[in-house]
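The structure appears below as structure tokens.
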Amino acid sequence: MNRGEAIVQAAAKMKLVRTEGGYSQEKMAEILGLSKKTLVQIEKGRILPSWTTVIAVCALFPESETLQAAFGSDPLEVVQLLAREHVERRREKTMGGKVWWQEVARQGRFRLQRNVITQHYRVLDEGDYRWFSTFDQQEAEVKMLSFCEQLP
1 MNRGEAIVQA AAKMKLVRTE GGYSQEKMAE ILGLSKKTLV QIEKGRILPS
51 WTTVIAVCAL FPESETLQAA FGSDPLEVVQ LLAREHVERR REKTMGGKVW
101 WQEVARQGRF RLQRNVITQH YRVLDEGDYR WFSTFDQQEA EVKMLSFCEQ
151 LP
């Protein structure tokens, strides 16, 4: 997935995210910092949202089942990866990859998973905490091995 694809995915789901949250067009536009006219145009498919608007939607509605299904798990993680190329830090506990993830490798206390929708990778520890995310499989494998060396 690239930024353009993420923008198209978010645009296609904006109305569903809004209705899922129980917001009127006026309130959703206010939340996102858009005019109502712009939001209507996005929802009708006449224009695409800006990258900043996509980030706002993913950051403000990460619990949205619509966005999670569109982005294959955590929508905020996907936009962070697209913006920064990789994310390295011990984050919140994940669900362990039961739905949108395929295990690629396992080494020591860590495992490498690939998202079946976005094709990005993440390294989880045995407690299902995410340590690293990237779109580059080789980079993820190197990080997983370095984590194993640091924490045998």
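The opening position of the sequence shown corresponds to residue 1 in the UniProt record's numbering, with each subsequent residue numbered one higher. All C-beta atoms, glycine included, are put in the ideal place defined by N, C-alpha and C. Please read these numbers as outputs of a predicted model, since none were measured by experiment.
| Item | Value |
| --- | --- |
| For S146, the first and last residue of its enclosing alpha helix (DSSP H) | 137-150 |
| Spatial distance of V99 from R111 (CA atoms) | 16 angstroms |
| Outcome for T66 when other beta-carbon atoms lying within 10 angstroms are tallied against a minimum of 16 | buried |
| Rounded C-alpha distance that separates Q150 from R109 | 11 angstroms |
| Cβ-Cβ separation, I117 to F61 (assumed contact under 8 angstroms), whole Å | With 8 angstroms as the limit, F61 and I117 do not qualify as a contact, their Cβ atoms being about 17 angstroms apart. |
| Bounding residues of the alpha helix (DSSP H) (the contiguous stretch that carries Q68) | 65-71 |
| W51 in three-state terms, based on DSSP | helix |
| Residue closest to R114, alpha-carbon to alpha-carbon, out of I31, S133, A11, M28 | S133 |
| Spatially closest choice to residue 159 from I7, T94, I42, by CA coordinates | An answer regarding residue 159 cannot be provided, because it is not within the stretch 1 to 152 covered by the chain. |
| Three-way DSSP call (helix, strand, coil) for R84 in this model | helix |
| Distance between E77 and A140 (C-alpha atoms, nearest Å) | 15 angstroms |
| Rounded C-alpha distance that separates E126 from S24 | 42 angstroms |
| Assigned secondary structure, R111 (DSSP; H/G/I helix, E/B strand, else coil) | strand |
| Nearest candidate by alpha-carbon position, reference T53, set S73, D74, V79 | V79 |
| Per DSSP, the bridge partner or partners of V123 | L112, F132 |
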